[in-house]
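Read through the structure below, which is laid out as structure tokens, and then see the notes.
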Amino acid sequence: MSSLPPPPISSSPPYGSSCLPLFLLSPGYLNLNHGSFGTVGRKVLERQREYTDEQEGRPDVWFRDTYLKLLSSTLTNLSQYLSLPSPTNLVLLENASSGVNSVLRSLPLLKGDVILYLSTAYSMVKNTAAFLANERGVTLLEVKVSIPVASEEDFLKPLSSAIKGMGSGERLKLAIFSHVSSTPSFIEPIVALSSVVKSLSPKCKVLVDGAHVLGQLPLNLNSLGEHVDYYVSNCHKWMYAPKGSAFLWCKDTSGVQPTVISSRNKVDPPGSGVGEVPDFGSRYAYTGTKDFTAYLAVSDAIAFRSELEGSRGMSVIEYNTGLGRWAGDYLVGLWGTRRLCPREMEAFMINVELPTNAIEEAERMRVKMLEEEGVYMLVLRDEGSGIVYTRLSMQVYLEREDFVRVGELVLKYLRHNEV
38 MSSLPPPPIS SSPPYGSSCL PLFLLSPGYL NLNHGSFGTV GRKVLERQRE
88 YTDEQEGRPD VWFRDTYLKL LSSTLTNLSQ YLSLPSPTNL VLLENASSGV
138 NSVLRSLPLL KGDVILYLST AYSMVKNTAA FLANERGVTL LEVKVSIPVA
188 SEEDFLKPLS SAIKGMGSGE RLKLAIFSHV SSTPSFIEPI VALSSVVKSL
238 SPKCKVLVDG AHVLGQLPLN LNSLGEHVDY YVSNCHKWMY APKGSAFLWC
288 KDTSGVQPTV ISSRNKVDPP GSGVGEVPDF GSRYAYTGTK DFTAYLAVSD
338 AIAFRSELEG SRGMSVIEYN TGLGRWAGDY LVGLWGTRRL CPREMEAFMI
388 NVELPTNAIE EAERMRVKML EEEGVYMLVL RDEGSGIVYT RLSMQVYLER
438 EDFVRVGELV LKYLRHNEV
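Next comes the structure, spelled out in structure tokens:
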């Protein structure tokens, strides 16, 4: 497979390698998988360390007063960022997995009730649903989405068919969708998917796993909340916040409890009479003694993002999405392969088929590229189609030269494997 000549490169991109000092990535390490764990902004981490110093300096004052005041301020800032009228139905927690578990374990699901999800759902969602199937006898319905995806109809048609195939939608109690799926990474048509569910099973609740959304797509929960019942997203992946920060939004907060019931979350035993139930925020504010400083640094991450965009004269979404479309086009042409979905269904993460159909060969290439070049990229195999591909993450510290380089390195190491 012959390589193409490198395309023209912008001499002064608004972002790119000049942003590397804003983060803590090791010199010489090319991170093409930001999506899995994110990268915290240097200023944000410094601020979190100041919170930690204050916490350890006056522990009682911190946990009984200071932390709670700062948490309230952070929730207000985050609610405004999400276009919510108030933070009443919004809480912070460790990660999207915690949020999904919180909702699923709180719902009064019984034997015979159905939980539906697409085959593109994250493994955590499937595992948690399987746990409930074992514990409560709920029925699981996985809707197959074929890869590659050609259009939104590839999600909507099988969903509609699956629900109609149940005969009656009354048993369908919860549908779970990824707003941006993980591997492969697609922007899924959340509003349309929810509309299909609600039209065929009006009482069914919709939970959106938006783990990859905050910071990657514009997110207006005030309008999206008209269509969905629960929404979770991480703050550490694409918002430059510390690891251990995420949010959960619920249209109806009644009965929704954190996975840890703490000393400050009063729950009355059955038959004891109706006591005072803590409000939604109070249930999640303190789930036992631990380091909550990552929650508070979400405010600083929002400020960091705003400052970054103001200094560069371009939004992060515009830059990363544009870089992803360019990189996808370039690598498809260089490798003679294909994307796994239309460009319009990708944002900061692109899925490009590798020029090999052997996952073992691709894995050897990945290891060599990390060991010898300091380049980290994912190599994956879709079980249904057998396609071997990479999911590449765009970020402000990357630029076109990085993808020209990785494109040539893939060809180099795959040729080396053939020798």
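All residue numbers for the sequence shown refer to my numbering, where the first residue is 38 and numbers rise by one.
Cβ atoms here follow ideal geometry from the backbone N, Cα and C, with glycine treated the same way.
>> Beta-carbon within less than 8 Å of Met38's beta-carbon, same chain only, minus the 5 sequence neighbours each way: which residues are those?
In response: Residue placement at Met38 is flagged as unreliable, the pLDDT there being 47, under the threshold of 50; a coordinate-derived value is accordingly withheld.
> Candidates Tyr277, Leu59, Tyr118, Phe214: which alpha carbon is nearest Leu256's?
Replying inline: Tyr118
> Run through DSSP, which three-state label would Met382 get?
Replying inline: helix
> Looking at the structure shown, is Glu436 part of a helix, part of a strand, or coil, going by DSSP?
Replying inline: coil
>> Measuring CB atoms only, is the region 413 to 423 touching the region 65 to 73, in the sense that at least three cross pairs come out at less than 8 Å?
In response: yes
> Quick one: Cα of Asp266 to Cα of Phe168, how far?
Replying inline: 22 Å
> My guess is that Tyr426 and Val389 are in contact by the Cβ rule of under 8 Å, so how many angstroms apart are they, rounded?
Replying inline: 6 Å
> Could you give the distance in angstroms between the alpha-carbon of Leu254 and the alpha-carbon of Ala384?
Replying inline: 7 Å
>> Only counting the same chain, and skipping five residues up and downstream in sequence, which positions put a Cβ closer than 8 Å to that of Ser260?
In response: Ser120
>> Using the three-state DSSP reduction, which class does Val175 fall into: helix, strand or coil?
In response: coil
> Under the rule that 16 or more other beta-carbon atoms within 10 Å means buried, what is Lys106, buried or exposed?
Replying inline: exposed
>> With three or more beta-carbon pairs closer than 8 Å as the criterion, would you say the region 191 to 198 touches the region 170 to 178?
In response: no
> If you drop the 5 nearest sequence neighbours on each side, which residues of the same chain put their C-beta closer than 8 Å to that of Tyr104?
Replying inline: Gln92, Phe329, Leu333
> Going by DSSP, which residues form a beta bridge with Cys287?
Replying inline: Tyr267
>> Helix, strand or coil for Glu390? Go by DSSP, reduced to three states.
In response: strand
>> I want to know whether the region 268 to 278 touches the region 335 to 345 - three or more CB-CB distances under 8 Å.
In response: yes
> Could you give the residue range of the beta strand (DSSP E) that holds Phe214?
Replying inline: 209 to 215
> Short check: CB of Gly53 to CB of Leu435, under 9 Å?
Replying inline: yes
> For Met161, which of Gly174, Gly136, Asn114 has the nearest alpha-carbon?
Replying inline: Gly136
> Below 9 Å between beta carbons: does that hold for Ser231 and His264?
Replying inline: yes
> Between Glu408, Leu129, Lys181, Ser188, which lies nearest to Leu153 when the distance is taken from Cα to Cα?
Replying inline: Lys181
>> Out of Cys378, Thr165, Val234, which one is the CA nearest neighbour of Ser183?
In response: Cys378
> Does the separation of the CB atoms of Asn132 and Trp286 fall below 9 Å?
Replying inline: no
>> For a quick check, are the C-beta atoms of Gly204 and Gly174 less than 9 Å apart?
In response: no
>> If I follow the unbroken beta strand (DSSP E) through Val128, where does it start and stop?
In response: 127 to 130
>> Quick check on DSSP: helix, strand or coil for Tyr20?
In response: Residue 20 is absent from the model: the chain starts at 38 and stops at 456.
> What does DSSP give as the partner residues of Val404 in its beta bridges?
Replying inline: According to DSSP, which records beta bridges pairwise, Val404 is partnered with nothing at all.
> So, helix, strand or coil for Leu169, using DSSP?
Replying inline: helix
> Could you give the distance in angstroms between the alpha-carbon of Arg403 and the alpha-carbon of Pro295?
Replying inline: 39 Å
>> Suppose you measure from the CA of Arg380 to the CA of Lys327; what does that come to, to the nearest Å?
In response: 42 Å
> Which ranges would you report for the alpha helix (DSSP H) in the region 219 to 257 if only whole runs of at least 4 residues count?
Replying inline: 227 to 237
> CA-CA distance, Ile354 and Asp305?
Replying inline: 46 Å
> My guess is that Val234 and Val228 are in contact by the Cβ rule of under 8 Å, so how many angstroms apart are they, rounded?
Replying inline: Val234 to Val228, Cβ: 11 Å. No contact.
> CA-CA distance, Phe223 and Asp90?
Replying inline: 41 Å
> Around the Cβ of Glu207, are there at least 16 other Cβ atoms within 10 angstroms (buried) or fewer (exposed)?
Replying inline: exposed
> Are Phe74 and Ala158 closer than 9 Å when you measure CB to CB?
Replying inline: no
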